[in-house]
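Peer 1: For the sequence shown, this note's numbering assigns the number 850 to the initial residue and increments by one for each residue that follows.
Quick one: the structure is below, and I'll ask about it shortly.
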Amino acid sequence: MGYKGICSASVIAHSLVFKFEDHLPFYRQSKIYKRQDIDLSDRTLCNNALKSSDLFESILDLLKEDLLSSNYIASDETTLNVLLDKDATSYMWVYHTGSRDKRAVIFDYSSSRSGNNPYNFLKGFKGIHQCDGYSGYNSLYKKGDILRQGCKDHARRKFMDVYKLSDKKAGLAKDILKLMKKLYKLESEAKDKNLTLNEIKKIRQEKAKPILADIKKLITLNQDKVPEKSPLGKAIYYT
């Protein structure tokens, strides 16, 4: 480990899996060990985790290098509560490549939602960047070497909100959701059949493309009929 401690590498690895994979806090782990007459305080377990993180830096650098060398990266950010700073809102930025056989995922913590976070993290990347409509990503695309791609999940979510507000009545939101369901079914079937990338591309061109055309047609026909600031208008405008 590079520092003095009472735990072996296997015990530390076990504790890290408990913490980050099984979401078991250190104080609960300590109680589990206590029942087995093993005296390991939550402070000791926490210190082990902090010291171990130093060893992961080199691995993280390689992981980021691999991620940035790909031609596709998706990212999103979510709020994060930090115990030492309860009055401020922090964020966890998540980046991953889309390769099915060589997927890399990196969690990047920041105390802000500033667009500087993705701009600095993705320096050197060239290719397709998939994200939601957050304006903080806009600075990424000024040079032209990164192409922005929208996220269907975020678009679908807004129509689902409208659908729920209408008490799930028939209407444009329900029609759009039905079409999107067909798209998700195609992707699910392709995954279940373990199709190759070329086979998936062929299915998307033959079956998904016409569905997307139907979605675009519905939105185009209704975009001038709905107030832009209404929930449905926002869903249409976003999509």
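Cβ atoms here follow ideal geometry from the backbone N, Cα and C, with glycine treated the same way.
Here the structure is a predicted model, which is why all the values come from computation and not from measurement.
One question on the structure: do residue 959 and residue 966 come within less than 7 Å of each other, judged by their Cβ atoms?
Peer 2: Mapped onto the sequence shown, residue 959 falls at position 110. Mapped onto the sequence shown, residue 966 falls at position 117. Going by C-beta atoms, residue 959 is nearer than 7 Å to residue 966.
Peer 1: Using the C-alpha atoms, what's the distance from residue 1020 back to residue 1040?
Peer 2: If you number the sequence shown from 1, residue 1040 lands on position 191. If you number the sequence shown from 1, residue 1020 lands on position 171. Those two C-alpha atoms are separated by around 31 Å.
Peer 1: Threshold first: 4 residues or longer. Then list the alpha helix (DSSP H) segments lying entirely within the region 852–901, N to C.
Peer 2: Correct list: 858–869, 875–884.
Peer 1: Where does residue 1054 fall in DSSP's three states?
Peer 2: Locating residue 1054 in the sequence shown gives position 205, counting from the first residue. In this structure, residue 1054 counts as helix in the three-state DSSP scheme.
Peer 1: Less than 7 Å between the C-beta atoms of residue 946 and residue 919, yes or no?
Peer 2: Looking up residue 946 in the sequence shown gives position 97. Looking up residue 919 in the sequence shown gives position 70. Yes. Within cutoff.
Peer 1: Where in the region 944–991 do unbroken runs of the alpha helix (DSSP H), each at least 4 residues long, occur, reported from the N-terminal end onward?
Peer 2: 965–970, all fully within the region 944–991.
Peer 1: Can you round the beta-carbon distance between residue 985 and residue 962 to whole angstroms, since I take them to be within the 8 Å contact cut?
Peer 2: As a first step, residue 985 is located in the sequence shown; it is residue number 136 there, counting from the start. As a first step, residue 962 is located in the sequence shown; it is residue number 113 there, counting from the start. Indeed, because the Cβ distance is near 6 Å, the residues count as touching under 8 Å.
Peer 1: Drop a sphere of 10 angstroms on the beta-carbon of residue 916, count the other beta-carbons inside from all chains shown, and report buried for 16 or more, exposed for fewer.
Peer 2: For the purposes of this step, residue 916 is identified with residue 67 of the sequence shown, where counting begins at 1. By the 10 Å Cβ count, residue 916 comes out buried.
Peer 1: Less than 7 Å between the C-beta atoms of residue 1012 and residue 1023, yes or no?
Peer 2: As a first step, residue 1012 must be located in the sequence shown, where it is residue number 163. As a first step, residue 1023 must be located in the sequence shown, where it is residue number 174. Yes, Cβ-Cβ distance for residue 1012 and residue 1023 is below 7 Å.
Peer 1: Return yes when at least one heavy atom of the ligand ZN lies under 6 Å from the C-beta of residue 1060, else no.
Peer 2: This structure lacks the ligand ZN, and indeed carries no ligand of any kind.
Peer 1: Hey, how far is the Cα of residue 982 from the Cα of residue 927?
Peer 2: In the sequence shown, residue 982 corresponds to position 133, counting from 1. In the sequence shown, residue 927 corresponds to position 78, counting from 1. Residue 982 and residue 927: Cα-Cα distance of roughly 14 Å.
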